[in-house]
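Residue numbers (this note's numbering): 27 to 421. Below is one structure, written out as structure tokens; comments come after it.
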């Protein structure tokens with residue numbers, strides 16, 4: 027494992043961090059604790075020392091806390107996040123923070139973030155109800171070691187947030203598809219110039235950059251040296267010396283092993299011009315093939331009307347990357363073969379999802395397109411037959 031130094035406080039951080047949003051689930055709800063701990067332990071024993079979770083990740087803080095109880099707490103850095111949308115008074119900060127400490131089984135947080143801070147107005151609202159004073163008290167008491175924020179938005183607004191407060195670190199979405207979108211390389215350079223460590227999330231865009239298909243997959247297959255799509259994507263990020271930690275949402279032991287290996291080998295400024303050109307070609311192909319730029323983060327969920335938005339978009343995109351039949355089957359399997367359907371046409375255009383989407387997608391408009399493409403005559407027939415079969419099996 028390689029490490030980079032936090033320029034703000036001197037912490038030695040593993041360049042690979044463990045993103046805890048996508049822990050494996052049992053029945054889609056409860057974290058598969060045994061499997062998760064095996065994966066966490068391998069990462070920990072091979073040098074990963076930065077673990078990132080959040081209050082709103084279902085079961086994540088508690089699952090991580092159970093693991094932390096079995097290792098040396100002093101050897102790791104825990105990052106978790108405050109959901110600002112749930113804070114209406116100063117007491118809310120304390121209530122949520124205390125619950126987080128309890129879930130994690132610790133009495134301090136190394137890296138505490140305001141979750142999805144999108145603009146300075148939101149930060150000003152938090153300060154009006156006492157956030158800055160509360161955070162300063164926690165830092166003084168050693169309960170919060172570093173205060174930062176995670177961000178999805180434009181580079182211009184990102185710079186404003188950096189300049190509005192003396193933050194200790196920041197976290198941005200960054201990968202070769204988002205080099206010039208969201209905070210992008212412009213935001214990365216700006217934060218680094220200000221002396222802030224930059225934590226990277228969504229390095230594989232929710233796993234999409236590890237599952238390339240069509241022309242983009244052929245480009246990777248012909249590249250030298252032979253590497254997986256995931257390895258190439260991670261090396262692209264570690265090529266930037268301004269990056270401190272790259273978070274990966276690992277939920278398979280082979281993923282952990284591969285990422286740990288790459289994190290022991292990747293170097294800054296190692297990619298050649300021809301290799302960088304390869305990424306530009308892949309980006310062009312992915313943009314051409316992908317219709318909806320959804321990362322599958324599920325921040326838009328739950329939908330109050332029962333639409334499984336990420337699954338709808340994944341199936342729709344698959345129609346164009348893997349062929350219509352493949353996307354159609356995926357749509358049936360993920361949204362229709364259950365007692366309560368979660369199809370796109372259940373959308374009533376309330377707009378709640380769009381307010382929470384980090385990618386700022388036009389979700390309502392996109393769901394209408396999904397419905398028109400995937401819910402025709404063939405869908406109605408297949409859905410009816412499939413549900414009849416499912417009910418027979420249940421009986």
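Glycine is no exception: its CB is placed at the ideal position from the N, C-alpha and C atoms.
| Asked | Found |
| --- | --- |
| Reduced DSSP secondary structure (H/G/I, E/B, other) of residue 415 | Note that residue 415 has pLDDT 41, beneath the 50 cutoff, so the model's placement of it is unreliable and the number below is only indicative. Helix at residue 415. |
| Distance, residue 392 Cα to residue 329 Cα | 15 Å |
| Contact the region 262 to 276 vs the region 41 to 59: 3+ CB pairs below 8 Å | yes |
| Coil, strand or helix - residue 146 by DSSP | helix |
| Burial state of residue 415, where buried means 16 or more other Cβ atoms lie within 10 Å | With a pLDDT of only 41 at residue 415, under the threshold of 50, the placement of this residue in the model should not be trusted, and no figure is reported. |
| Rounded separation between residue 322 and residue 34 - CA only | 32 Å |
| Cβ pair residue 39, residue 103 closer than 8 Å | yes |
| Residues near residue 383 by beta carbon distance below 7 Å, same chain, minus five either side | 325, 326, 389 |
| Completely contained beta strand (DSSP E) runs for the region 50 to 108, where each covers 3 or more residues | 76 to 78, 103 to 108 |
| Reference residue 209, options 178, 300, 233, closest by Cα | 178 |
| Entirely enclosed alpha helix (DSSP H) segments - the region 243 to 291, minimum 4 residues | 255 to 264, 279 to 291 |
| Buried/exposed call for residue 251, threshold 16 Cβ in 10 Å | exposed |
| Stretch pair the region 294 to 302 + the region 331 to 338: three plus CB contacts closer than 8 Å | no |
| 6 Å CB neighbourhood of residue 79 in its chain, flanking five on each side removed | 46, 86, 87, 90, 106 |
| Rounded separation between residue 268 and residue 374 - CA only | 44 Å |
| Nearest neighbour of residue 129, chosen from 222, 176, 81 [CA to CA] | 81 |
| Nearest-angstrom Cα separation, counted from residue 56 out to residue 340 | 23 Å |
| DSSP-derived helix/strand/coil call for residue 322 | coil |
| Beta-carbon proximity of residue 238 to residue 249, cut-off 8 Å | no |
| Boundaries of the beta strand (DSSP E) in which residue 172 is found, first to last residue | 170 to 177 |
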